[in-house]
Amino acid sequence: MMEDLIHHITFNQDDPNLRCIVLYGEGKVFSAGHNLKELTHKDGSDYHHQVFSTCSRLMLGILQCPVPVIAVVQGLAAAAGCQLVATCDIAVCSDTSTFSTPGANFGIFCSTPGVAVGRAVPRKVAAHMLFTGIPLTAEEAIGAGLVSKVVPEESMGLEFESLSGGHIFQIYVNPSPVFPTDEEVAKIVQAITCKSRAIVAMGKKFFYQQLEADIKTAYRLGEEVMVNNIGLADGQEGIRSFIEKRKANWSHGFEKAH
Amino acid sequence: MMEDLIHHITFNQDDPNLRCIVLYGEGKVFSAGHNLKELTHKDGSDYHHQVFSTCSRLMLGILQCPVPVIAVVQGLAAAAGCQLVATCDIAVCSDTSTFSTPGANFGIFCSTPGVAVGRAVPRKVAAHMLFTGIPLTAEEAIGAGLVSKVVPEESMGLEFESLSGGHIFQIYVNPSPVFPTDEEVAKIVQAITCKSRAIVAMGKKFFYQQLEADIKTAYRLGEEVMVNNIGLADGQEGIRSFIEKRKANWSHGFEKAH
Amino acid sequence: MMEDLIHHITFNQDDPNLRCIVLYGEGKVFSAGHNLKELTHKDGSDYHHQVFSTCSRLMLGILQCPVPVIAVVQGLAAAAGCQLVATCDIAVCSDTSTFSTPGANFGIFCSTPGVAVGRAVPRKVAAHMLFTGIPLTAEEAIGAGLVSKVVPEESMGLEFESLSGGHIFQIYVNPSPVFPTDEEVAKIVQAITCKSRAIVAMGKKFFYQQLEADIKTAYRLGEEVMVNNIGLADGQEGIRSFIEKRKANWSHGFEKAH
Chain A
0 MMEDLIHHIT FNQDDPNLRC IVLYGEGKVF SAGHNLKELT HKDGSDYHHQ VFSTCSRLML
60 GILQCPVPVI AVVQGLAAAA GCQLVATCDI AVCSDTSTFS TPGANFGIFC STPGVAVGRA
120 VPRKVAAHML FTGIPLTAEE AIGAGLVSKV VPEESMGLEF ESLSGGHIFQ IYVNPSPVFP
180 TDEEVAKIVQ AITCKSRAIV AMGKKFFYQQ LEADIKTAYR LGEEVMVNNI GLADGQEGIR
240 SFIEKRKANW SHGFEKAH
Chain B
0 MMEDLIHHIT FNQDDPNLRC IVLYGEGKVF SAGHNLKELT HKDGSDYHHQ VFSTCSRLML
60 GILQCPVPVI AVVQGLAAAA GCQLVATCDI AVCSDTSTFS TPGANFGIFC STPGVAVGRA
120 VPRKVAAHML FTGIPLTAEE AIGAGLVSKV VPEESMGLEF ESLSGGHIFQ IYVNPSPVFP
180 TDEEVAKIVQ AITCKSRAIV AMGKKFFYQQ LEADIKTAYR LGEEVMVNNI GLADGQEGIR
240 SFIEKRKANW SHGFEKAH
Chain C
0 MMEDLIHHIT FNQDDPNLRC IVLYGEGKVF SAGHNLKELT HKDGSDYHHQ VFSTCSRLML
60 GILQCPVPVI AVVQGLAAAA GCQLVATCDI AVCSDTSTFS TPGANFGIFC STPGVAVGRA
120 VPRKVAAHML FTGIPLTAEE AIGAGLVSKV VPEESMGLEF ESLSGGHIFQ IYVNPSPVFP
180 TDEEVAKIVQ AITCKSRAIV AMGKKFFYQQ LEADIKTAYR LGEEVMVNNI GLADGQEGIR
240 SFIEKRKANW SHGFEKAH
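Chains as they are written, first to last, in numbering that gives the first Met the number 0: chain A, 0 to 257; chain B, 0 to 257; chain C, 0 to 257.
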């Protein structure tokens, strides 16, 4: 399943028509995390290493993916499933969703989920989740910053029935986009796909890079990024479209302005 | 008082029956921080060094303590008292509690409290507290992530009367636990004590370690921690109990699985 | 405009009567950020470098300014204007204010605003702002920690009309202070100006320094700062005023206690 997600997130990420990726979970569980039955002693520590190394590759792959990755949660996101939500760039959940890191209840502390959750929410919220295993409600999750938006469950119901299957749903702009009917998700997807792919990719890469730098270094690097951005054809086209009060006509690529 | 707290937090932290520590403040003040009368010039800077070095040892001791440390606040937590709340893994407060870092009003900026508060809440909240000295209400404190839960003051009243004394209350599982009657605190303590002590200790140590690493290092270290955790007897017992749908029978120690 | 702001923030920051700086934006827009018309290709990348280097100097200048800098927002704060709010020590906004980083809509991703915004709010909030360009309401902004307080717009209206002009308003204690009439802003300014300038300056410098250090280093440095603070004349005067239950009589300088 993780390999499948990695495949979907990476295999066509250079397709210029891919503008953002939306991860859905079907049914009442977004993702319950690792299958504990795969983690028994008899499988050996080499296999366990492989499982968690794959999991890290998935999470870092989301951060490195050139298009924004959006989690749409309806129901339970637990352990590595909660890590997945915490890792995505943006997350929208139904008002009945819950989020937990209950691994220690089953002897496996959610240490790697804590890497993502501890960077997404205040540390007291993360510690409460990790040490008690008690879930956050959707309301608590948005208060803590774990999700970006909460929507009524009703607005999501139709959507899930109409999806043909799978946990992943990639948004292409061409051929014709299949926008999810949930209004909030559609608004986010619309806001992303109307921008230049290259500009968003450049911005996403720098965003996660600078968060780990000290602020002076972040600004020094950021000045370079801004100047490079302005020098791109899509940078200049964006400015011209603003001045001329018209819709921009993006190349979506990294070509320099003449 | 700080030495007394350090003593209580460290002296029997290796007792296998100790599963979590709850810090209470009796009466209307959780803790008002340092006694300013001890910080006059005549005491000399060696003494001042000792006071703040002891204070740092207490705070780092809480983070290094193998069992979760929970602050239960009823009333005012100010200056180093607010630092104590910010440092504990989990904090529950009554809805009439307040939190402040007013040191600069008395000429002593709350610089060391800011180390803990600045890591617990958004920096604009911390800066407002530190530069103005104006207190946060309980509602503002939970919104900012300074506390984990807010409970009605009434639910705490009984509790404090029934406690025999002291600012510290350690939770042992054996002999019979004296659970605080406040429902939220009891729920948290219950959730922690039903887990393996060793698994929680391993998870807590890594949680604070990885928060200070870059995310790639955090995941690399986290993979090791997960694999080691799975290899423990309590890791395997947890998985088996999950598969067999029964209560786990923990050793609470770090023995490896056979 | 940025040079003008830098000038106002730096030129008399050593004036002992300057106790805090309040940045206002007149009218319905606090600041809409850079003028895109200045960023066209024909201006050349040297000029673009200069623009963003000046912008970073402004932001770092606010953090290095010895007195607290307060943003008072009425209306829109966008792009570098939102960065300015995120950078100020404290921010108060009207309940109709909005905050956005919409640069990518015009081909220029808000990479440098993201340095400040990404350190002020949870990363999912920042990512949503940066990738979609959709604004935060005042209510969302306080929930995320981007502003310190929200006040009714009515309480601000009078204020802006009565201000004679300019985007910056510096608070001096002598000659007679012109306190803004908004109650929340006045409360903050009052709380800052009643403290010792030197003590606040020392605390502000350490606050931003320690946030970028690991926690052990932060405490080690913090112990030194506390001991130095206690050794100042204003530190001792503060303690004495507390003990003697009287108003402190600050020197506002860094003289050592005798």
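Quick reminder that beta carbons are idealized off the backbone N, C-alpha and C, glycines included.
Contact check, residue i vs residue j, beta carbons under 8 angstroms
| i | j | result |
| --- | --- | --- |
| residue 81 of chain C | residue 68 of chain C | no |
| residue 185 of chain B | residue 114 of chain A | no |
| residue 75 of chain C | residue 28 of chain C | yes |
| residue 18 of chain A | residue 187 of chain A | no |
| residue 5 of chain C | residue 66 of chain C | no |
| residue 79 of chain A | residue 119 of chain A | no |
| residue 90 of chain A | residue 147 of chain A | yes |
| residue 247 of chain B | residue 231 of chain B | no |
| residue 229 of chain B | residue 107 of chain A | yes |
| residue 142 of chain C | residue 234 of chain B | no |
| residue 73 of chain B | residue 93 of chain B | yes |
| residue 169 of chain A | residue 7 of chain A | yes |
| residue 206 of chain B | residue 129 of chain A | yes |
| residue 145 of chain A | residue 71 of chain A | no |
Assigned secondary structure, residue i (DSSP; H/G/I helix, E/B strand, else coil)
| i | result |
| --- | --- |
| residue 249 of chain A | coil |
| residue 36 of chain C | helix |
| residue 19 of chain B | strand |
| residue 165 of chain A | Residue placement at residue 165 of chain A is poorly supported in this model, since its pLDDT is 42, which falls under 50; the coordinates still yield a value, given next. Coil, per DSSP. |
| residue 244 of chain C | coil |
| residue 145 of chain A | coil |
| residue 202 of chain C | helix |
| residue 133 of chain B | coil |
| residue 84 of chain B | helix |
| residue 255 of chain C | strand |
| residue 175 of chain B | With a pLDDT of 47 at residue 175 of chain B, under the threshold of 50, the modelled position of that residue is not reliable, and the figure given next carries that caveat. In this structure, residue 175 of chain B counts as coil in the three-state DSSP scheme. |
| residue 9 of chain B | helix |
| residue 105 of chain B | helix |
| residue 28 of chain B | strand |
| residue 92 of chain A | strand |
Contacts of residue i in chain B (Cβ-Cβ under 7 angstroms)
| i | result |
| --- | --- |
| residue 211 of chain C | Within 7 angstroms Cβ-Cβ: nothing; residue 211 of chain C doesn't reach chain B, min ~10 angstroms. |
| residue 127 of chain A | 89, 147 |
Interface partners of residue i on chain B, CB under 8 angstroms
| i | result |
| --- | --- |
| residue 226 of chain C | 44, 47, 48, 51 |
| residue 58 of chain A | 218 |
| residue 235 of chain C | 39, 40, 106 |
| residue 99 of chain A | Going along chain B, no residue has its Cβ under 8 angstroms from residue 99 of chain A, so there is no contact; the nearest lies around 11 angstroms. |
| residue 199 of chain C | 103, 108, 130 |
| residue 215 of chain C | 59 |
Per-residue contacts from residue i into chain A (C-beta, under 8 angstroms)
| i | result |
| --- | --- |
| residue 80 of chain B | In chain order: nothing, as chain A lies at least about 16 angstroms away. |
Chain-ordered chain A contacts of residue i [CB-CB under 7 angstroms]
| i | result |
| --- | --- |
| residue 146 of chain C | Result: empty, since nearest Cβ-Cβ is about 15 angstroms, beyond 7 angstroms. |
| residue 241 of chain B | 35, 105 |
Proximal residues of chain C, C-beta to C-beta of residue i below 9 angstroms
| i | result |
| --- | --- |
| residue 238 of chain A | 35, 36, 38, 39, 40, 105, 106, 107 |
| residue 95 of chain B | Per Cβ cutoff of 9 angstroms: no residues; residue 95 of chain B is ~21 angstroms from chain C at best. |
Partners in chain C for residue i, counting only beta-carbon separations shorter than 7 angstroms
| i | result |
| --- | --- |
| residue 221 of chain A | 110, 111, 114 |
| residue 253 of chain A | Chain C residues near residue 253 of chain A: none, gap ~12 angstroms exceeds 7 angstroms. |
Chain-ordered neighbours of residue i on chain C, where CB pairs are closer than 8 angstroms
| i | result |
| --- | --- |
| residue 195 of chain A | 103, 106 |
| residue 90 of chain A | 123 |
| residue 55 of chain B | 218, 219, 221, 222 |
| residue 117 of chain B | 206, 209, 210 |
| residue 120 of chain A | 121 |
Under 9 angstroms from the C-beta of residue i: neighbouring residues of chain B
| i | result |
| --- | --- |
| residue 133 of chain A | 186, 187, 190 |
Residue i: contacting residues in chain A (beta-carbon distance under 9 angstroms)
| i | result |
| --- | --- |
| residue 142 of chain B | 142 |
For residue j and residue i, believed in contact at Cβ under 8 angstroms, the rounded distance
| i | j | result |
| --- | --- | --- |
| residue 181 of chain C | residue 149 of chain C | The pair is not a contact, with the Cβ atoms about 11 angstroms apart (cut-off 8 angstroms). |
| residue 95 of chain C | residue 152 of chain C | 5 angstroms |
Okay, do the segment 49-63 of chain C and the segment 98-118 of chain C touch, 3+ Cβ pairs below 8 angstroms being the bar?
yes
Give a yes or no on contact between the segment 58-66 of chain B and the segment 122-138 of chain B, applying the rule of three or more CB pairs nearer than 8 angstroms.
no
Check whether the segment 210-225 of chain A touches the segment 131-150 of chain C, counting contact only when three or more Cβ pairs, one atom from each stretch, lie closer than 8 angstroms.
no
Does the segment 190-203 of chain C come close enough to the segment 235-254 of chain C to have 3 or more Cβ pairs within less than 8 angstroms?
yes
Using 8 angstroms as the cut-off, can you tell me whether the segment 36-50 of chain C makes contact with the segment 219-227 of chain A, which would need three or more C-beta pairs spanning the two stretches below that distance?
yes
Contact the segment 95-105 of chain B vs the segment 92-110 of chain A: 3+ CB pairs below 8 angstroms:
no
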